[in-house]
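Written out below as structure tokens is the structure these notes cover.
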Amino acid sequence: MLIKERLARVLALFAVIYTSLVGLLLYHQVLHGPETARQAAALHSRRVPVEEIPRGDILDRNGLPLTGQNMVWAVYCLPRLVEDVWGTSLSLARMLDLRADWVEKRITRAKRQGTFFLLLKCPVTRAEKEELNKERPAGVFCAPLKRRYPTDGFCIHVLGQVALPAADPGRKDLR
């Protein structure tokens with residue numbers, strides 16, 4: 017009898033705990049559910065100010081900056097706006113000294129994947145930029161690009177950039 021009485025007490029204790037947990041869930045979900053949903057929506061849709069925080073220069077042992085703020089020009093493509101992919105690839109290859117099959121493959125892949133923005137070449141020379149602006153192929157344009165790291169490649173992985181900006185997303189600013 018003693019064992020049955022202990023088991024009954026343990027069972028009653030678990031029943032009380034389970035009932036109180038169910039009651040607590042009902043209280044928060046049924047009675048306070050709309051208020052909780054309103055608070056969650058307010059937190060989700062609030063405006064968070066995003067401000068550009070200036071980065072300091074990385075200096076070498078002599079106090080000379082290894083990084084800086086350089087502006088270069090880059091050629092971008094909006095693949096959805098390119099109707100004649102092969103013709104655009106031929107003209108871009110001629111203007112930018114690229115292979116036409118490589119340009120065509122990148123634009124076709126970007127169209128298939130639904131990529132909105134495609135970087136084709138960075139940096140471009142002033143002559144290439146002027147020729148591109150003169151010819152103006154559909155869906156292709158030049159835009160300035162702020163470059164922080166030097167282009168010579170010396171110890172660039174230590175400074176923070178391990179690949180070209182469009183080579184692979186997620187591999188930039190790895191420290």
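Residues 17 to 191 in my numbering are what the sequence shown lists, from first letter to last. The beta-carbon is built from N, C-alpha and C at its ideal position, and this holds for glycine as well. All figures in this text were calculated on a predicted structure; none of them were measured in a lab.
| query | result |
| --- | --- |
| What does the Cβ neighbour count give for Ser61, buried or exposed, with the cut at 16 atoms within 10 Å? | exposed |
| From Pro160, Ile123 and Leu114, pick the residue whose C-alpha is nearest to that of Ala154; which is it? | Ile123 |
| Please classify Phe133: does DSSP put it in a helix, a strand, or coil? | coil |
| From which residue to which residue does the beta strand (DSSP E) around Arg163 run? | Val156 to Arg163 |
| May I have a chain-ordered list of the beta strand (DSSP E) segments no shorter than 3 residues that lie completely inside the stretch 59 to 99? | 86 to 93 |
| Does Leu40 pass the burial test, meaning 16 or more other C-beta atoms within 10 Å, or should it be called exposed? | exposed |
| Taking all protein chains shown into account, decide if Ser105 is buried (16 or more other Cβ within 10 angstroms of its Cβ) or exposed. | buried |
| Suppose you measure from the CA of Glu147 to the CA of Arg163; what does that come to, to the nearest Å? | 23 Å |
| Put Leu114 into one of helix, strand or coil per three-state DSSP. | coil |
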